[in-house]
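**Q** Residue numbers (the working numbering): 48 to 623.
We treat Cβ as the ideally placed atom computed from N, Cα and C, and that holds for glycine.
Quick one: this structure, given as structure tokens, is what I'll be asking you about.
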């Protein structure tokens, strides 16, 4: 409930006037049958046309008033529910933005998408029904029951039998259906996970001709969701028939008992017609409340899932930072006894007791076989992960003593998997520095060799970038990402195999430009090929999470067997 307080406080009028207008409409609902009964019993019976017109006019005015109050009640209900949904989505999204990679892995991206979209929609629908019906239906039902007892206590006894029986049947249905809806939400998570994975890796799927396999995998998940949907809805299909039977049985009973009373002169026809209307109102109100209760079971399940996100303990924060206001003034880096593992229950570490020192402005290469921990180690510099043991220092301070904003603002990372956003080239280049001047952008593009193809575009820097940069080649996307990282003006630049899609001549040109124009920036180049790092001031060789060699290219050729093995194997490949 805590997450709704601010919205309710801000838009209090929706949560006050909405129910008030719905209650006023409900009052009209149970007054109309009484007026109708008077028209029949007095006006029609006595052939009094003036009375009929007078009471008919009253009914018309009441109907207009009910229309106005009903529309206003619905308007406030919709508005209040929409604001609840908007604020909860905002809270969830803000929380997710603060998540560490470990938090995201705990939920999965598909599950988070479901919670921010489908689960919030369940809350919105329930809130809307709640504001419209949870006050209106009880008032209408209570009023109808009271009027029923006033008009005919004998007939009202039928309600005392039918209403509890119907309520019990509905309660049993909801108890059975509720856990099934929870399972159904979990199946929606699985479907979203599958869809998200396929869309993210569409290129790989097509290149390996795995479309049929993925279609079969999706069909399996989709069929599973369908089965759970049917299983949940199969229970609730009985709701409407049971309600219809209850109304029919009660109506027959009322007509039978009331008919006998009319024949015996103990009741007037108008009372019977009004009573049947009240009976219908009572049973319809119960049915509506049952639907709200059903929505409530789904909303409660969704609310719990949203709470799991909002109450999740963020595993990586700057709450204990001792120098939150301190900005990074130097690009020097030091690893002191750093060890790390992704799965905390594992006995083996993915990064093992690493000690390294990198001076500001150095160009450092990191090389090793796939999966040896290169990216993991470097990811600790901007605190994408924290070490389990040891510490990482930047500018002489432990990275945990900086605010997350300051340490990450000082580091630019260019990944092998390039990420571009919809918009223009200029929009993307300003992603890390919104105030960047035109000259800064142009210089960054020259260093990254992106100006070569941007200059050929008709709109230049205002050229459109499609979703994911689909209208650019892999090499062009990589160069744009490098330029974007440079526009940020970082103290530390990390290039994680980020020139794999460009030719060797362009790669060499980029490296020379970085050395010329970014001499004061610490440059870390993670690569598979020695050609990309051999001119570095220092090369770090990694194997199975450990550093097995450091030094220049020439030093490593003399002292590091693994480096020599990589070098000569790549040299032989080039010769072939």
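1) For the beta strand (DSSP E) containing residue 410, name the first residue and the last one.
2) How should residue 513 be labelled, buried or exposed, when 16 other C-beta atoms within 10 angstroms of its C-beta is the threshold for buried?
3) Between the Cα of residue 458 and those of 540, 484 and 487, spot the shortest distance and give me the residue it belongs to.
4) Could you give the DSSP three-state label for residue 381: helix, strand or coil?
5) Might you give, ordered along the chain, the residues of its own chain that have their beta carbon closer than 7 Å to the beta carbon of residue 406, omitting 5 neighbours on each side?
6) Using 8 Å for Cβ pairs, my map puts residue 85 next to residue 158. What's the rounded Cβ distance?
7) So, is residue 623 buried or exposed, given that buried needs 16 or more other C-beta atoms within 10 angstroms?
8) Locate the alpha helix (DSSP H) running through residue 474, then write down its first and last residues.
9) Determine which residues share a DSSP beta bridge with residue 69 and list them.
10) Pick out the complete alpha helix (DSSP H) segments inside the stretch 324-398, 4 residues or longer, and give them in chain order.
11) Measure the Cβ-Cβ separation of residue 362 and residue 149 and say whether it is below 8 Å.
12) When DSSP builds the beta bridges, which residues end up paired with residue 542?
13) Helix, strand or coil, according to DSSP, for residue 402 in the structure here?
14) Which runs of the alpha helix (DSSP H) at least 4 residues long sit entirely within the stretch 571-610? Give them in chain order.
15) Closest by CA to residue 152, which one among 481, 305 and 390?
16) Under 8 Å by Cβ, that's how I've got residue 131 and residue 170 pegged, so tell me the actual separation to the nearest angstrom.
17) For residue 613, I'd like the list of residues in its chain whose CB is within less than 7 Å of its CB, leaving aside the five on either flank, ordered along the chain.
18) Can we say the stretch 602-618 touches the stretch 584-592, given the rule of at least three CB pairs closer than 8 Å?
19) Take residue 611 and list the residues in its own chain whose beta-carbon comes closer than 7 Å to its own, dropping the five residues that flank it on each side.
20) Are the CB atoms of residue 268 and residue 238 nearer to each other than 8 Å?
21) Between 94, 114, 98 and 500, which has its C-alpha nearest residue 70's C-alpha?
22) Would you check if the stretch 566-576 and the stretch 496-512 touch, i.e. whether three or more CB-CB distances between them fall below 8 Å?
23) Residue 107 to residue 155, Cα distance in whole Å?
24) List the endpoints of the continuous beta strand (DSSP E) containing residue 156.
25) Helix, strand or coil for residue 444? Go by DSSP, reduced to three states.
26) State buried or exposed for residue 215, treating a residue as buried only when at least 16 other CB atoms are found within 10 Å of its CB.
27) For residue 505, which of helix, strand or coil comes out of DSSP?
28) Sort 296, 468 and 596 by Cα distance to residue 515 and report the nearest one.
29) Is the stretch 347-355 in contact with the stretch 180-188, if contact means three or more CB pairs nearer than 8 Å?
30) Less than 8 Å separating the beta-carbons of residue 329 and residue 206?
31) Using the rule of at least 16 other Cβ atoms within 10 Å of the residue's Cβ for burial, across every protein chain shown, is residue 542 buried or exposed?
32) Per DSSP, which one or two residues make a beta bridge with residue 511?
33) Tell me whether the beta-carbon of residue 304 lies closer than 8 Å to the beta-carbon of residue 227.
34) Do you know offhand how far residue 382's Cα is from residue 448's?
35) Counting pairs of Cβ atoms below 8 Å between the stretch 469-489 and the stretch 515-534, do you hit three or more?
36) Should the stretch 545-557 be regarded as contacting the stretch 522-529, the criterion being three or more beta carbon pairs within less than 8 Å?
**A** Reading off the structure:
1) Numbered from 1 along the chain shown, position 363 holds the residue referred to as residue 410. Start and end: 410-415.
2) On the chain shown, position 466 is the one that residue 513 refers to. Residue 513 is exposed by the Cβ-count criterion.
3) Locating residue 458 in the chain shown gives position 411, where the first residue counts as 1. It is 540.
4) Along the chain shown, read from residue 1 onward, the residue named residue 381 stands at position 334. Reduced to three states, the DSSP call for residue 381 is strand.
5) Stepping through the chain shown from its first residue, residue 406 is reached at position 359. Around residue 406: 379.
6) Numbered from its first residue, the chain shown carries residue 85 at position 38. Numbered from its first residue, the chain shown carries residue 158 at position 111. In fact, because the Cβ distance is near 59 Å, the residues do not count as touching under 8 Å.
7) Taking the chain shown and counting its residues from 1, the one referred to as residue 623 is at position 576. At residue 623, the pLDDT of 48 sits below 50, so the modelled position is not reliable; the number obtained from the coordinates is stated separately. Classification of residue 623: exposed, given that the 10 Å Cβ count is below 16.
8) Stepping through the chain shown from its first residue, residue 474 is reached at position 427. Counting along the chain, the alpha helix (DSSP H) containing residue 474 begins and ends at 472-476.
9) As a working mapping, residue 69 is identified with position 22 in the chain shown. Bridge partners of residue 69: none, in fact.
10) none
11) Taking the chain shown and counting its residues from 1, the one referred to as residue 362 is at position 315. Taking the chain shown and counting its residues from 1, the one referred to as residue 149 is at position 102. Yes, Cβ-Cβ distance for residue 362 and residue 149 is below 8 Å.
12) Residue numbering aside, residue 542 sits at position 495 when the chain shown is read from its first letter. According to DSSP, which records beta bridges pairwise, residue 542 is partnered with 461 and 572.
13) Residue numbering aside, residue 402 sits at position 355 when the chain shown is read from its first letter. Residue 402 falls in the strand class under three-state DSSP.
14) 600-606
15) Mapped onto the chain shown, residue 152 falls at position 105. Taking only the C-alpha atoms, the option nearest residue 152 is 390.
16) Your numbering for residue 131 matches position 84 in the chain shown. Your numbering for residue 170 matches position 123 in the chain shown. The Cβ separation is near 7 Å, so the contact holds.
17) In the chain shown, residue 613 corresponds to position 566, counting from 1. Excluding residues within five positions, the ones whose Cβ falls inside 7 Å are 414 and 577.
18) yes
19) For this step, residue 611 is matched to residue 564 along the chain shown. Same-chain partners within the cutoff: 604.
20) Counting from one through the chain shown, the residue named residue 268 turns up at place 221. Counting from one through the chain shown, the residue named residue 238 turns up at place 191. Yes, Cβ-Cβ distance for residue 268 and residue 238 is below 8 Å.
21) Working through the chain shown from its first residue, we reach residue 70 at position 23. For the residues 94, 114, 98 and 500, the minimum Cα distance to residue 70 belongs to 114.
22) no
23) As a first step, residue 107 is located in the chain shown; it is residue number 60 there, counting from the start. As a first step, residue 155 is located in the chain shown; it is residue number 108 there, counting from the start. Cα to Cα, residue 107 sits roughly 57 Å from residue 155.
24) For the purposes of this step, residue 156 is taken as residue 109 along the chain shown, with counting starting at 1. Unbroken run through residue 156 is the alpha helix (DSSP H), 156-161; no beta strand (DSSP E).
25) If you number the chain shown from 1, residue 444 lands on position 397. Residue 444 falls in the strand class under three-state DSSP.
26) Working through the chain shown from its first residue, we reach residue 215 at position 168. Flag for residue 215 reads exposed.
27) The residue you call residue 505 lines up with position 458 of the chain shown. Three-state DSSP puts residue 505 in coil, outside helix and strand.
28) Numbered from its first residue, the chain shown carries residue 515 at position 468. Closest by alpha carbon: 468.
29) no
30) Sequence index remark: in the chain shown, residue 329 carries index 282 (1-based). Sequence index remark: in the chain shown, residue 206 carries index 159 (1-based). Against a cut-off of 8 Å, the Cβ pair of residue 206 and residue 329 comes out as a contact.
31) To locate residue 542, count along the chain shown from 1; it is residue 495. The residue in question, residue 542, is buried, as its Cβ has 16 or more Cβ neighbours within 10 Å.
32) What you label residue 511 is simply residue 464 of the chain shown in a count that begins at 1. 471.
33) In the chain shown, counting from the first residue as 1, residue 304 sits at position 257. In the chain shown, counting from the first residue as 1, residue 227 sits at position 180. Cβ distance not < 8 Å, so residue 304 and residue 227 don't count as in contact.
34) As a working note, residue 382 is residue 335 in the chain shown. As a working note, residue 448 is residue 401 in the chain shown. If I take the Cα positions, the gap works out to 15 Å.
35) yes
36) yes
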